[in-house]
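A quick write-up on the structure given underneath.
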Amino acid sequence: MITITASHYNTKVAHSRAIAEPAWIRWLLIASALGFLGLFLFVPLAAVFTEALRKGIAVYLAAFKEPDALSAIWLTFTAAAIAVPLNLVFGVSAAWAIAKFDFKGKSVLITLIDLPFAVSPVIAGLVYVLIFGLQGWFGGWLSSHDYKVLFAVPGIVLATVFVTFPFVARELIPLMQAQGKEEEEAAIVLGASGWQMFWRVTLPNIKWGLLYGVILTNARAMGEFGAVSVVSGHIRGMTNTLPLHVEILYNEYNYVAAFACASLLAFLALVTLALKSLVEWQAARAVTTNE
Amino acid sequence: MNLTLKKPSVLPGFGPTLGYTIFYLSLIVLIPLSATFLKSTLFTWDQFWSAVTAPRVLASYRLSFGAALIGALINAFFGLLVAWVLVRYRFPGKRLIDALVDLPFALPTAVAGIALTAVYSTHGWIGSVIEPWGIKVAFTPLGVIVALTFIGLPFVVRTVQPVLEDLEAEAEEAAASLGASRLQTFWKVILPALWPALLTGFSLAFARAIGEYGSVIFIAGNMPMVSEITPLLIITKLEQYDYAGATSIAVVMLVVSFLLLLIINGLQWWSSHRYGR
Amino acid sequence: MSIEIRNVQKNFGDFSALNDISLDVPSGELVALLGPSGCGKTTLLRIIAGLEFPDAGRIHFDGEDTTQRHVRERQVGFVFQHYALFRHMTVFENVAFGLRVRPKSTRPNEAEIRRRVHELLNLVQLDWLADRYPPQLSGGQRQRIALARALAVEPRVLLLDEPFGALDAQVRKDLRRWLRRLHDELHITSVFVTHDQEEALEVADRVVVMNKGVIEQVGTPSEVYDHPASPFVYHFLGNVNLFHSRVHAGFAYIGEVELAAPEHVGAENASALAYVRPHDIDIQREADGDSAFKVVINHIHPIGPVIRLELGREDDGEFIEAVLTHERFRELNLQAGEHVYVKPRKVRIFLQD
Numbered sequence: 001m002i003t004i005t006a007s008h009y010n011t012k013v014a015h016s017r018a019i020a021e022p023a024w025i026r027w028l029l030i031a032s033a034l035g036f037l038g039l040f041l042f043v044p045l046a047a048v049f050t051e052a053l054r055k056g057i058a059v060y061l062a063a064f065k066e067p068d069a070l071s072a073i074w075l076t077f078t079a080a081a082i083a084v085p086l087n088l089v090f091g092v093s094a095a096w097a098i099a100k101f102d103f104k105g106k107s108v109l110i111t112l113i114d115l116p117f118a119v120s121p122v123i124a125g126l127v128y129v130l131i132f133g134l135q136g137w138f139g140g141w142l143s144s145h146d147y148k149v150l151f152a153v154p155g156i157v158l159a160t161v162f163v164t165f166p167f168v169a170r171e172l173i174p175l176m177q178a179q180g181k182e183e184e185e186a187a188i189v190l191g192a193s194g195w196q197m198f199w200r201v202t203l204p205n206i207k208w209g210l211l212y213g214v215i216l217t218n219a220r221a222m223g224e225f226g227a228v229s230v231v232s233g234h235i236r237g238m239t240n241t242l243p244l245h246v247e248i249l250y251n252e253y254n255y256v257a258a259f260a261c262a263s264l265l266a267f268l269a270l271v272t273l274a275l276k277s278l279v280e281w282q283a284a285r286a287v288t289t290n291e
Numbered sequence: 292m293n294l295t296l297k298k299p300s301v302l303p304g305f306g307p308t309l310g311y312t313i314f315y316l317s318l319i320v321l322i323p324l325s326a327t328f329l330k331s332t333l334f335t336w337d338q339f340w341s342a343v344t345a346p347r348v349l350a351s352y353r354l355s356f357g358a359a360l361i362g363a364l365i366n367a368f369f370g371l372l373v374a375w376v377l378v379r380y381r382f383p384g385k386r387l388i389d390a391l392v393d394l395p396f397a398l399p400t401a402v403a404g405i406a407l408t409a410v411y412s413t414h415g416w417i418g419s420v421i422e423p424w425g426i427k428v429a430f431t432p433l434g435v436i437v438a439l440t441f442i443g444l445p446f447v448v449r450t451v452q453p454v455l456e457d458l459e460a461e462a463e464e465a466a467a468s469l470g471a472s473r474l475q476t477f478w479k480v481i482l483p484a485l486w487p488a489l490l491t492g493f494s495l496a497f498a499r500a501i502g503e504y505g506s507v508i509f510i511a512g513n514m515p516m517v518s519e520i521t522p523l524l525i526i527t528k529l530e531q532y533d534y535a536g537a538t539s540i541a542v543v544m545l546v547v548s549f550l551l552l553l554i555i556n557g558l559q560w561w562s563s564h565r566y567g568r
Numbered sequence: 569m570s571i572e573i574r575n576v577q578k579n580f581g582d583f584s585a586l587n588d589i590s591l592d593v594p595s596g597e598l599v600a601l602l603g604p605s606g607c608g609k610t611t612l613l614r615i616i617a618g619l620e621f622p623d624a625g626r627i628h629f630d631g632e633d634t635t636q637r638h639v640r641e642r643q644v645g646f647v648f649q650h651y652a653l654f655r656h657m658t659v660f661e662n663v664a665f666g667l668r669v670r671p672k673s674t675r676p677n678e679a680e681i682r683r684r685v686h687e688l689l690n691l692v693q694l695d696w697l698a699d700r701y702p703p704q705l706s707g708g709q710r711q712r713i714a715l716a717r718a719l720a721v722e723p724r725v726l727l728l729d730e731p732f733g734a735l736d737a738q739v740r741k742d743l744r745r746w747l748r749r750l751h752d753e754l755h756i757t758s759v760f761v762t763h764d765q766e767e768a769l770e771v772a773d774r775v776v777v778m779n780k781g782v783i784e785q786v787g788t789p790s791e792v793y794d795h796p797a798s799p800f801v802y803h804f805l806g807n808v809n810l811f812h813s814r815v816h817a818g819f820a821y822i823g824e825v826e827l828a829a830p831e832h833v834g835a836e837n838a839s840a841l842a843y844v845r846p847h848d849i850d851i852q853r854e855a856d857g858d859s860a861f862k863v864v865i866n867h868i869h870p871i872g873p874v875i876r877l878e879l880g881r882e883d884d885g886e887f888i889e890a891v892l893t894h895e896r897f898r899e900l901n902l903q904a905g906e907h908v909y910v911k912p913r914k915v916r917i918f919l920q921d
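Chains as they are written, first to last, in our numbering: chain A, 1 to 291; chain B, 292 to 568; chain C, 569 to 921.
Shown next as structure tokens:
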């Protein structure tokens with residue numbers, strides 16, 4: 001299973017003289033690393049905000065008064081508000097079955113859960129076109145009953161669910177495996193019912209990992225572009241999410257408005273990173289007080 | 292897949308949670324993905340083969356895989372450097388920079404795309420500096436490499452960083468006491484220990500870059516045969532209602548993705564069994 | 569509350585963890601399941617608790633079949649090896665947990681819960697830690713809290729999995745004595761698992777020695793120590809010298825030495841193993857008939873209250889270990905390199921198949 005451990009709590013750097021580099025090498029390495037990050041991370045991030053404010057704050061704010069922008073913001077939040085709880089329930093459920101029980105085919109299941117990470121977002125959109133499009137399996141039935149999935153909100157939600165599918169599960173599985181099942185067994189021996197055990201013992205133990213997964217899911221859900229782009233149909237004011245709105249404005253050479261909307265998304269990304277660091281810090285504190 | 296009987300356990304909920312997991316997985320992921328493969332069986336082999344080997348398609352593979360490979364290599368090198376600097380040295384602003392490394396995970400790809408285009412176009416902050424030297428980034432294959440480097444940046448850092456943190460100073464001290472120079476210690480002691488993590492991070496960055504769409508299309512220029520990536524070609528075919536062509540190319544990409552996923556899982560299995568992590 | 573285990577069988581795949589185990593635990597006793605790791609003792613304990621299910625066989629509590637009874641309804645107290653304290657709850661809430669999760673109809677009110685929890689915390693002498701969190705406690709304190717938590721549900725049976733396994737030597741000793749005293753106060757039927765023979769012999773009323781999924785011997789500590797029923801028990805409980813021998817018509821022959829073996833009168837020229845504990849070996853300056861070995865003293869190690877001798881048999885060079893008291897050692901005035909005679913005071917002979 002793919003695991004990216006962004007959590008690095010211990011910075012126990014107590015290296016002796018004998019194995020330290022000379023100062024000039026140290027500073028050369030730091031400078032190269034920062035130079036690389038500057039070129040690829042910091043300068044583009046700064047560019048988003050400067051481009052957005054190029055023509056002053058009034059023009060910047062005007063971009064958000066557009067009805068199309070407002071509806072895009074609304075749709076973005078709606079899609080995330082549906083996708084996040086769905087994948088949250090799935091993630092907890094999958095992690096419970098996988099981390100606390102032994103069964104055949106477990107590693108296959110874990111690999112399958114990771115699949116959406118390996119699939120191009122464009123293909124994630126394509127699969128729903130193949131199913132719900134007019135040429136697709138259910139396309140005919142849907143159009144004869146006047147249901148719209150493709151080029152409508154349900155399709156956008158489905159694509160969002162697909163691309164954010166593994167985040168919560170992937171965060172919880174290693175955590176719950178590491179915690180073992182003794183505490184849950186103790187709760188059962190002491191007479192707790194299944195739900196009592198879950199709410200009183202399991203959930204408090206996984207809350208930081210869960211929150212972490214939710215933050216990642218939410219960030220990806222609000223920012224997804226490729227998959228949503230395929231299924232959305234780009235109907236302004238109807239099926240445009242905020243990232244798609246950015247693209248439309250940009251292609252219309254309305255750079256200030258495009259970057260204004262982009263700056264809102266960039267701001268959300270920064271908030272995400274801040275929350276993520278906060279959760280990491282809290283989880284680290286929970287770990288160290290446990291030792 | 293054989294999911295027959297687990298060992299009995301007093302913990303409740305195995306049936307419902309596993310059942311729901313498989314149901315939801317099938318509904319959202321497995322059935323839709325298998326639809327792609329089933330659709331592709333409707334075409335004859337010749338149709339399929341000519342769709343996936345057309346010159347324009349082959350050119351897009353070359354760009355997508357080539358640029359993804361170069362981007363992942365850049366990230367392997369600099370990712371290791373960044374991880375090293377973040378773990379081993381102290382400098383002002385380190386914690387902030389550490390947090391910002393994850394920006395490509397959090398920033399919507401479309402935002403990354405227009406931001407990189409703005410910076411690397413001939414009028415941009417960086418593009419205008421390097422243009423006099425004859426280097427053009429935006430709207431060339433070089434731009435694709437820049438975008439793919441950006442979105443793959445955190446992978447190597449975040450896989451190597453924890454391993455580097457857990458490395459025991461004793462091994463390096465032992466090497467030093469046995470007379471190894473610092474560089475020899477790095478090559479012979481540190482790098483071999485980081486190798487599985489580095490390879491995993493590289494593969495993840497590569498896999499992500501192959502399928503990337505949003506950040507690339509703004510900066511690439513999207514000229515057929517020159518700067519058109521494979522995911523864009525799928526969308527182009529879709530917009531022309533060429534479902535057969537789009538599906539065929541998608542099948543090729545899916546197969547590559549599955550293989551990469553298996554390789555990555557294998558790598559992680561290898562590193563966990565070899566180094567007990 | 570007595571526990572009867574009848575013909576319990578448990579396999580993990582091809583591995584037979586428990587092979588036709590039957591055992592009675594009388595009411596009020598403190599019983600140790602003793603054996604090396606992998607002998608099945610923890611599996612047996614978890615089956616008694618209802619945390620695992622036997623493939624065959626039955627478990628009775630006071631004659632009543634509880635095999636199918638869920639662990640929640642068995643009224644057992646279980647102390648986990650690593651305590652399994654709820655890390656996000658205070659000590660108080662940990663102990664109160666079993667009372668709080670009861671259905672409304674049988675749940676005590678808040679005042680009663682407070683009273684009971686403090687009573688239990690006083691019993692384990694840790695009332696002053698009520699507001700702490702488990703991570704802030706020492707290993708010994710966690711152990712006692714885990715015990716208080718298990719007792720809160722008024723279990724009919726108390727089960728402890730390696731209760732002292734994760735503790736320092738000194739804390740282990742204190743807790744052992746404390747557990748014994750607690751058991752004498754409460755008289756609740758208790759079973760604990762251990763791989764430490766000293767622990768089992770010191771604490772338990774009865775010891776069940778297990779090996780490779782079967783019970784080797786059940787008995788009081790002195791029974792299993794003084795009269796081991798099998799070579800395995802001999803080896804497992806303390807150091808032992810082993811001699812290859814032949815048994816014929818009531819006598820065992822080890823090299824030139826002849827020893828009486830009245831329990832094997834019927835054996836004819838059978839090969840056998842003779843076991844002698846180091847402290848059952850007497851050292852003499854002079855030969856005493858045919859029943860003594862001539863040995864050379866290789867090393868002398870004073871170890872605390874006793875002297876340990878490494879001896880080499882003169883006939884075949886085999887190593888023998890003997891333990892003497894300081895008095896006896898001074899009396900004999902032994903030096904390394906000297907030649908002396910060794911006479912087993914007590915021998916146990918097991919015929920080989």
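Using N, Cα and C, we set each Cβ at its ideal position, and we do this for glycine too.
* Asked: Where DSSP assigns a beta bridge to ILE875(C), which residues make up the other side?
  -> Answer by DSSP bridge pairing, in chain order: PRO870(C) and LEU892(C).
* **Cross-chain neighbours of VAL420(B) in chain C, by beta carbon under 9 Å** => What VAL420(B) touches in chain C: nothing, since even the nearest Cβ is about 54 Å away.
* Would you decide whether SER673(C) is buried or exposed? Buried here means 16 or more other CB atoms lie within 10 Å of its CB. => Taking all protein chains shown into account, SER673(C) has fewer than 16 neighbouring C-beta atoms within 10 Å of its C-beta and is therefore exposed.
* Among all the DSSP beta bridges, which residues are the ones paired with ASN809(C)? -> BP columns for ASN809(C) point to VAL844(C).
* **Chain-ordered neighbours of ASP114(A) on chain B, where CB pairs are closer than 9 Å** => Here the neighbours are LEU552, ILE555 and ASN556.
* Asked: Terminal residues of the continuous beta strand (DSSP E) containing MET778(C)?
  -> Segment 774–779, the beta strand (DSSP E) holding MET778(C).
* Near-chain A residues of the stretch 648–661 of chain C - C-beta to any C-beta below 7 Å -> Listed by position along the chain: PHE648, HIS650, ALA652, PHE654, ARG655 and HIS656.
* To do: Evaluate THR893(C) with the Cβ neighbour count: other Cβ atoms within 10 Å of its Cβ, from every protein chain shown; 16 or more gives buried, anything less gives exposed.
  => Exposed: under 16 other Cβ atoms inside 10 Å.
* **beta strand (DSSP E) segment containing PHE819(C), residue limits** => 819–822 is the extent of the beta strand (DSSP E) around PHE819(C).
* 8 Å Cβ cutoff, HIS8(A) in contact with chain C -> Low per-residue confidence applies at HIS8(A): pLDDT is 38, beneath 50, and the placement is therefore not dependable enough to give any value.
* What alpha helix (DSSP H) runs, 4 residues minimum, are completely inside the stretch 590–652 of chain C? -> Complete alpha helix (DSSP H) runs here, min 4: 609–617.
* Asked: Any idea what DSSP makes of ASP856(C), helix, strand or coil?
  -> Three-state result, ASP856(C): coil.
* List the residues of chain A whose Cβ lies closer than 9 Å to the Cβ of VAL669(C), in chain order. => The answer, in chain order, is ALA187, LEU190, GLY191, ALA192, SER193, GLN196, MET197 and ARG200.
* **chain C within 8 Å of PRO204(A), Cβ atoms only** => Output row for PRO204(A): interface = yes.
* Report yes or no: do the stretch 18–35 of chain A and the stretch 214–226 of chain A share at least 3 C-beta pairs separated by less than 8 Å? => The stretch 18–35 of chain A vs the stretch 214–226 of chain A: no contact.
* Taking only beta-carbon atoms, is LEU349(B) less than 8 Å away from chain A? -> Taking 8 Å as the threshold, the shortest C-beta distance from LEU349(B) to chain A does not fall below it.
* Just the C-alpha distance for ILE520(B) and THR413(B), rounded to the nearest angstrom, thanks. => Here the alpha carbons of THR413(B) and ILE520(B) stand approximately 22 Å from one another.
* N-terminal and C-terminal residue of the beta strand (DSSP E) that PHE828(C) is part of -> The amino acid at residue 828(C) is misidentified as Phe; the sequence shows Ala. ALA828(C): member of the beta strand (DSSP E) spanning 825–828, first to last residue.
* Give the C-beta separation of GLU784(C) and MET778(C) to the nearest angstrom, bearing in mind that I take them to be a contact with Cβ-Cβ under 8 Å. => Their Cβ separation, rounded to whole angstroms, is 6 Å, which keeps GLU784(C) and MET778(C) in contact under 8 Å.
* To do: Use the C-beta contact count for GLY708(C): other C-beta atoms within 10 angstroms, 16 or more gives buried, fewer gives exposed.
  => Flag for GLY708(C) reads buried.
* Which one of SER758(C), PHE887(C), GLN765(C) and GLU791(C) has the shortest CA to CA distance from HIS812(C)? -> Nearest in C-alpha terms to HIS812(C), of all of SER758(C), PHE887(C), GLN765(C) and GLU791(C), is PHE887(C).
* Asked: Going by DSSP, what residues sit across from LYS909(C) in a beta bridge?
  -> In the sequence on display, residue 909(C) carries Tyr and not Lys. Per DSSP, the beta-bridge partners of TYR909(C) are GLN852(C) and LYS862(C).
* Asked: If you draw a straight line from the alpha carbon of GLY191(A) to that of ARG710(C), how long is it in whole angstroms?
  -> If you draw a straight line from the Cα of GLY191(A) to the Cα of ARG710(C), it is about 21 Å long.
* Quick one: any contact between the stretch 424–438 of chain B and the stretch 499–512 of chain B, if contact means 3 or more CB pairs under 8 Å? -> With the cut-off at 8 Å, the stretch 424–438 of chain B and the stretch 499–512 of chain B touch.
* **Run of the beta strand (DSSP E) containing THR757(C), from where it starts to where it stops** => Looking at the DSSP string, the run of the beta strand (DSSP E) that includes THR757(C) is 757–762.
* **Paired residues, beta bridge with GLY880(C) - DSSP** => Paired residues: VAL864(C) and PHE887(C).
* To do: Spell out whether any CB of chain C is found under 8 Å from the CB atom of GLU171(A).
  => So no, GLU171(A) is outside the interface.
* Asked: Near LEU489(B), which residues of its chain fall below 7 Å by C-beta distance, leaving aside the five closest residues on each side in sequence?
  -> Within the same chain, Cβ atoms closer than 7 Å to the Cβ of LEU489(B) are found at ALA367, LEU371, VAL447 and VAL451, the five residues on either side in sequence being excluded.
* Asked: Going by alpha carbons, who is nearest to SER805(C) out of PHE654(C), HIS832(C), TYR793(C) and GLY885(C)?
  -> For the sequence presented, residue 805(C) should be read as Leu rather than Ser. When the alpha-carbon of LEU805(C) is set against those of PHE654(C), HIS832(C), TYR793(C) and GLY885(C), the nearest one is in TYR793(C).
* Buried or exposed for LYS609(C), please, with buried defined as at least 16 other CB atoms from any protein chain shown within 10 angstroms of its CB. => It counts as buried.
* If we ignore side chains and look at the alpha-carbon of each, how far apart do LEU619(C) and ARG637(C) end up? -> Our two residues, LEU619(C) and ARG637(C), have alpha carbons roughly 11 Å apart in a direct line.
* Can you name the residues of chain A whose CB is closer than 9 Å to the CB of ARG473(B)? -> Within chain A, the residues near ARG473(B) are ILE19, ALA20, GLU21, PRO22 and ILE25.
* Rounded separation between ALA406(B) and ALA257(A) - CA only -> When only Cα atoms are considered, ALA406(B) and ALA257(A) end up about 13 Å apart.
* What residue ranges within the stretch 375–422 of chain B form continuous alpha helix (DSSP H) runs of no fewer than 4 residues, ordered along the chain? -> Complete alpha helix (DSSP H) runs here, min 4: 385–391, 394–397, 400–411 and 418–421.
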